[in-house]
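Residue numbers (my numbering), protein chains in the order written: chain A, 57 to 172; chain B, 80 to 194. For each residue, glycine too, the CB sits at the ideal point set by N, CA and C.
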Amino acid sequence: GAVVSQHPSRVICKSGTSVKIECRSLDFQATTMFWYRQFPKQSLMLMATSNEGSKATYEQGVEKDKFLINHASLTLSTLTVTSAHPEDSSFYICSAGRDSRSYEQYFGPGTRLTVT
Amino acid sequence: AQSVTQLDSHVSVSEGTPVLLRCNYSSSYSPSLFWYVQHPNKGLQLLLKYTSAATLVKGINGFEAEFKKSETSFHLTKPSAHMSDAAEYFCVVSGLYSSASKIIFGSGTRLSIRP
C-alpha cells in the first residue's frame, strides 16, 4: 500500500501561538507533498506544494510567512501555522506522490485545528 | 489549464435505487481522473481512478465511472445505494503542472440516502 499519516489528528491552541502539523509517508518516499485546507462543508483548497530539499510553492493568496512548510526528508513534510488566529481553524490535509510525475496522490487522514 | 466541475452540490436518493454523481473536466493534457469519498470528520478514501487505460473503471463498494472524452465527463454511478454510502464525494483531475503533478478538486457532492 501507500500510507500517509498525519500528526496530530486534532489540536486546540490559543490565539497567537504556533502549531506544527506533521505529514509522513510510511511505506514510500515522497518527493512531492501537498497541503490542503478544508472549511466545513467545502472542498479542499490547495495551499502549497512541498518539494523535498527545496522551498515550497504557495498558491495565490496563501501567506508563506504564516504557513511555514518544511520538507526535510523524503518521508516527512511539516506545516507550521504561526501566530494562529481563530480564522485559521480548519481541517488540514496533506497528500503525497511517489514521484514528481505521479498522478496519484495518497492522502493523510487530516488534522483538525481549533484556535481559541 | 485544468478544471473540474461537479454539477450537483447535493444528491438525495432512496436506499436501493441507482446513484449518479456528475463530473465534467477540462484539461490541456490527457488527464488522470479520480473519485474520492469523505465521511464526516474523516480523511479521503479513493473510490476509483482513470489513468488512460480502460474507459469504464470499477472501484470499491460497487461504484464505477466511465471516462467519456467526447463529453469531457467522468460520472460516478452505483446500481443500488446503501445507507453507508451517505458521504461527500469529490471528483479530482490530475496532470502535469510545471515539473510536478498537481491535482484539482471539484467542489464536492453531498450524497444523502433516504430509508
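Hey, quick one: how far does the beta strand (DSSP E) through residue i stretch, first residue to last?
{"i": "B/LYS137", "result": "135–137"}
{"i": "A/LEU124", "result": "123–129"}
{"i": "B/LEU85", "result": "Reading off the sequence shown, one finds Gln at residue 85 of chain B, where the question assumed Leu. Run containing B/GLN85: 82–85, per the beta strand (DSSP E) assignment."}
{"i": "A/ASN107", "result": "100–107"}
{"i": "A/LEU82", "result": "Careful: A/LEU82 lies outside any beta strand (DSSP E) and carries neither H nor E."}
{"i": "A/ARG168", "result": "167–171"}
{"i": "A/THR138", "result": "Neither: A/THR138 is in no beta strand (DSSP E) and is coded neither H nor E."}
Could you name the residues that DSSP lists as bridge partners for residue i?
{"i": "B/PHE169", "result": "B/TYR115"}
{"i": "B/HIS89", "result": "B/ARG189"}
{"i": "B/GLY122", "result": "Paired residues: none, contrary to the question."}
{"i": "A/GLN62", "result": "A/CYS79"}
{"i": "B/LYS128", "result": "B/PHE113"}
{"i": "A/ARG93", "result": "A/MET101 and A/TYR148"}
{"i": "B/ASN103", "result": "B/THR84 and B/SER152"}
Closer than 8 Å, CB to CB, is residue i near chain A or not?
{"i": "B/PHE184", "result": "yes"}
{"i": "B/LEU135", "result": "no"}
{"i": "B/ALA179", "result": "With a pLDDT of 47 at B/ALA179, under the threshold of 50, the modelled position of this residue cannot be trusted, and the question is left open."}
{"i": "B/PHE169", "result": "yes"}
{"i": "B/LYS128", "result": "yes"}
{"i": "B/LEU86", "result": "no"}
{"i": "B/GLY138", "result": "no"}
{"i": "B/LEU123", "result": "yes"}
{"i": "B/GLY141", "result": "no"}
Apart from the five residues just before and just after residue i, which ones in its own chain have a Cβ nearer than 8 Å to its Cβ?
{"i": "B/ARG193", "result": "SER91, VAL92, SER93 and GLU94"}
{"i": "B/TYR104", "result": "GLN81, SER82, VAL83, THR84, PRO110, LEU112, THR151, SER152, PHE153, CYS170 and VAL172"}
{"i": "A/VAL118", "result": "MET103 and ALA104"}
{"i": "A/PHE123", "result": "TRP91, MET103, ALA104, TYR114, LEU135, THR136, VAL137 and THR138"}
With 8 Å set as the bound, which would you pick, yes or no: does the beta-carbon of residue i sit closer than that to a beta-carbon of chain B?
{"i": "A/PHE163", "result": "yes"}
{"i": "A/GLY109", "result": "no"}
{"i": "A/GLY166", "result": "yes"}
{"i": "A/GLU143", "result": "no"}
{"i": "A/LEU124", "result": "no"}
{"i": "A/SER99", "result": "yes"}
Spatial neighbours of residue i within its chain, please: CB distance less than 6 Å, with the 5 preceding and 5 following residues excluded, ordered by chain position.
{"i": "B/LEU112", "result": "TYR129, PHE153 and VAL172"}
{"i": "A/ARG168", "result": "ARG66 and PHE147"}
{"i": "B/LEU123", "result": "TYR115 and GLN117"}
{"i": "B/ILE183", "result": "GLN81, VAL83 and VAL172"}
{"i": "B/GLY138", "result": "LEU126 and LEU127"}
{"i": "B/SER88", "result": "none"}
{"i": "B/GLU167", "result": "GLN117, GLY187 and ARG189"}
With a CB to CB cut of under 7 Å and the five nearest residues on each side skipped, what residues in its chain are close to residue i?
{"i": "B/SER178", "result": "Because B/SER178 sits at a pLDDT of 40, beneath the cut-off of 50, its placement in the model cannot be relied upon, and the following sentence gives the value as read from the coordinates. Closer than 7 Å at Cβ, skipping near neighbours: no residue."}
{"i": "A/LYS76", "result": "THR134 and THR136"}
{"i": "A/ASP144", "result": "VAL137, LEU169 and VAL171"}
So for residue i, helix, strand or coil by DSSP?
{"i": "A/SER74", "result": "coil"}
{"i": "B/LYS147", "result": "strand"}
{"i": "B/SER109", "result": "coil"}
{"i": "B/SER159", "result": "coil"}
{"i": "A/GLY153", "result": "strand"}
Can we count residue i as close to the ligand GTP, meaning its CB is less than 7 Å from some heavy atom?
{"i": "A/PRO96", "result": "Judged by which ligands are present, the structure shown has none, so any question about the ligand GTP falls away."}
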